[in-house]
Amino acid sequence: MTAFIEAASPHVMNTYGRVPIALSHGRGCRVWDVNGKEYLDALGGIAVNTLGHGHPKLVPALQDQVAKLIHSSNYYHVPNQEVLAKKLVELSGMTNVFFCSTGLEANEAALKLARKYGHDKGIEKPQIVVYDKAFHGRSIATLSATGNPKVQAGFGPLVEGFIRVPLNDIDALKQATEGNGDVVAVFFETIQGEGGVNPMRVEYLKQVRELCDQRGWLLMIDEVQCGVGRTGKWFAHQWAGIVPDVMPLAKGLGSGVPIGAVVAGPKAAHIFQPGNHGTTFGGNPLAMRAGVETLRIMEEDGLLDNAAQVGAHLRAALERELGGQPGLKEIRGQGLMLGVELTQPCGVLVGRAAEAGLLISVTADSVIRLVPPLILTRAEADEIVAKLVPLVKAFWKEAA
Ligand SMILES: Cc1ncc(COP(=O)(O)O)c(C=O)c1O
Numbered sequence: 081m082t083a084f085i086e087a088a089s090p091h092v093m094n095t096y097g098r099v100p101i102a103l104s105h106g107r108g109c110r111v112w113d114v115n116g117k118e119y120l121d122a123l124g125g126i127a128v129n130t131l132g133h134g135h136p137k138l139v140p141a142l143q144d145q146v147a148k149l150i151h152s153s154n155y156y157h158v159p160n161q162e163v164l165a166k167k168l169v170e171l172s173g174m175t176n177v178f179f180c181s182t183g184l185e186a187n188e189a190a191l192k193l194a195r196k197y198g199h200d201k202g203i204e205k206p207q208i209v210v211y212d213k214a215f216h217g218r219s220i221a222t223l224s225a226t227g228n229p230k231v232q233a234g235f236g237p238l239v240e241g242f243i244r245v246p247l248n249d250i251d252a253l254k255q256a257t258e259g260n261g262d263v264v265a266v267f268f269e270t271i272q273g274e275g276g277v278n279p280m281r282v283e284y285l286k287q288v289r290e291l292c293d294q295r296g297w298l299l300m301i302d303e304v305q306c307g308v309g310r311t312g313k314w315f316a317h318q319w320a321g322i323v324p325d326v327m328p329l330a331k332g333l334g335s336g337v338p339i340g341a342v343v344a345g346p347k348a349a350h351i352f353q354p355g356n357h358g359t360t361f362g363g364n365p366l367a368m369r370a371g372v373e374t375l376r377i378m379e380e381d382g383l384l385d386n387a388a389q390v391g392a393h394l395r396a397a398l399e400r401e402l403g404g405q406p407g408l409k410e411i412r413g414q415g416l417m418l419g420v421e422l423t424q425p426c427g428v429l430v431g432r433a434a435e436a437g438l439l440i441s442v443t444a445d446s447v448i449r450l451v452p453p454l455i456l457t458r459a460e461a462d463e464i465v466a467k468l469v470p471l472v473k474a475f476w477k478e479a480a
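Numbers in the numbering used here are just positions in the sequence shown, counted from 1, shifted up by 80.
The following block contains the structure:
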């Protein structure tokens, strides 16, 4: 195993602390490494593989598209851009979509929309409210919006124009923006992913929507990780019955084919004009087909309900097995986006879980994150619990 890694990686930049395995292929919620070892995938490529691996409806559609046209450029119309945009508009209650290829690109576009929204109103130095523990990406602007000093370290000077506030505290938001006519937008994840699976409360979401309406700010909700069905609704903020003005998407939208999208409502849909924004790969025929087919298959196979039900089952089982233990801080999240926060840093569990045949991640040092494919069955959820719980208990015993 080590020999494989040493032989395979000397020319790849050292940007990830990798688990020493290399995956070869997958089927459903299972993957196999190059040595033939099997894993149950509770990470889903970090909330990307919505339909799992090798989905029997997705594979032939992508094969068909690869054979027809992979890329053509935005100099020409791409018919599936309109099909996917129409579907996203229908599902979100918003109006227009810009396509790109990743989450940070979608967020970058959102930040540009917010700034131009301000400039169009005569605000020369627009400011955007962002949150503690937020993660919005690794470009200079999105890492500046991110609320994690580790992500920012070494990359200053950061982009200016951000005001940072704590989560779920409407008074803190009002105080931080009081009398400030340069504020143009509020930007957050409905459930923070990298920050430790931290949900915004329903009441808070409604309060922020109201405040944005009163003050003429854009409400921009980063649904890159929590969106596209993961929580049991198409978009996580829909649990609060609100509609944002700008919504970046990526990750699960293409089931593994790189894709990003910025969905905009009436206040933001016409800010960009020709020449204001663009990307070579965004909206290409392969990514669009992946997006169209992903949403179609999700609907056909009832994956929103599955995410809600299997997620609730998984959460209940974890509560039953780990609840009340002194080493457990909290189990959080919704649907198939769950975080199990321990009282101590527990990154070591990632490797141990892989040895036990389970793929997970640990984020924010002490939060075990479970974001499996939305096709997960109850039996597979039980298997996650059966593999994970003994590892957590052994970890606690060791630490005691
Ligand atoms: C909420 C959120 N926004 C943005 C990003 C950045 O996405 P990408 O890695 O595709 O640039 C991520 C990635 O983890 C994310 O979780």
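Using N, Cα and C, we set each Cβ at its ideal position, and we do this for glycine too.
query: In three-state terms, what does DSSP make of Lys166?
result: helix
task: Enumerate, from N- to C-terminal direction, the unbroken alpha helix (DSSP H) stretches of 4 or more residues contained entirely within the region 163–250.
output: 183–200, 220–225, 229–232
message: Taking 7 Å as the cut-off, is the beta-carbon of Asp302 closer than that to any non-hydrogen atom of ligand 1?
response: yes
message: Which same chain residues end up closer than 6 Å to Ala397 when comparing Cβ atoms and leaving out the 5 residues on each side of it in sequence?
response: Val465
Exposure of His151, with buried meaning 16 or more beta-carbon neighbours within 10 Å: exposed
- request: Indicate the three-state DSSP secondary structure (helix, strand or coil) for Arg458 in the structure shown.
  value: helix
field: Nearest to Gly173 (by Cα), restricted to the options Phe361, His199, Ala344, Val99
entry: Ala344
field: Beta-carbon proximity list for Gly427, same chain, < 6 Å, skipping 5 on both sides
entry: Val442
- request: With DSSP as the reference, label Ile448 as helix, strand or coil.
  value: strand
message: Looking at Met378: is its Cβ nearer than 8 Å to the Cβ of Arg310?
response: no
Separation of Val263 from Ile271, as counted between CA atoms: 23 Å
- prompt: Pick from Arg107, Leu285, Glu170, Arg400: whose alpha carbon is nearest that of Phe267?
  reply: Leu285
task: Determine contact between the region 140–156 and the region 364–376, defined as no fewer than three beta-carbon pairs at a distance below 8 Å.
output: yes
query: By Cβ distance below 7 Å, which residues in the same chain neighbour Thr175 in space, the five residues on each side in sequence not counted?
result: Val169, Ala344, Gly345, Pro346, Ala349
field: Alpha carbon of Arg395 to alpha carbon of Gln405, nearest angstrom
entry: 15 Å
Local conformation of Asn278 per DSSP, three classes: strand
message: For ligand 1, is there any heavy atom lying closer than 7 Å to the beta carbon of Asn187?
response: yes
task: List the whole-angstrom C-beta distance separating Leu471 from Leu439, where the pair is believed to meet the contact cut-off of C-beta under 8 Å.
output: That belief does not hold up - the Cβ atoms of Leu471 and Leu439 are roughly 13 Å apart, past 8 Å.
- prompt: At a cut-off of 7 Å, is Glu463 close to ligand 1 when judged by its beta-carbon and the heavy atoms of the ligand?
  reply: no
query: In the region 267–339, which residue ranges form an unbroken alpha helix (DSSP H) of at least 4 residues, counting only runs that do not cross its ends?
result: 282–295
- prompt: For Gly312, which option in Val372, Leu329, His357, Ala388 has the closest C-alpha, if you only look at C-alpha atoms?
  reply: Ala388
field: Glu258 (DSSP reduced to helix, strand or coil)
entry: coil
- prompt: For the putative contact between Glu373 and Leu171, defined by C-beta atoms under 8 Å, what is the C-beta separation to the nearest angstrom?
  reply: The Cβ separation is near 15 Å, so there is no contact.
- prompt: When you compare each of Gly355, Gly334, Asp325 to Gly371 by their alpha carbons, which one comes out closest?
  reply: Gly334
- prompt: Sorry if obvious, but does the Cβ on His216 come closer than 7 Å to a heavy atom of ligand 1?
  reply: yes
query: In three-state DSSP terms, what is Asp385?
result: helix
message: What would DSSP say about Met93, mapped onto helix, strand or coil?
response: coil
message: Let me make sure I understand the geometry here. Which of Leu408, Ala330, Cys180 has the alpha-carbon closest to that of Ala479?
response: Leu408
Continuous beta strand (DSSP E) assignments of at least 3 residues falling wholly in the region 340–376: 340–344
query: Under the three-state reduction of DSSP, which class applies to Ile150: helix, strand or coil?
result: coil
message: What does the alpha-carbon distance come out to for the pair His216 and Gln305?
response: 10 Å
task: Tell me whether His393 sits in a helix, a strand or coil according to DSSP, three-state version.
output: helix
field: Cross-strand partners of Gly108 (DSSP beta bridge)
entry: His133
message: Using a Cβ distance threshold of 8 Å, determine whether the region 231–246 contacts the region 178–186, with at least three qualifying pairs required.
response: no
field: Range of the contiguous beta strand (DSSP E) that encloses Leu418
entry: 417–422
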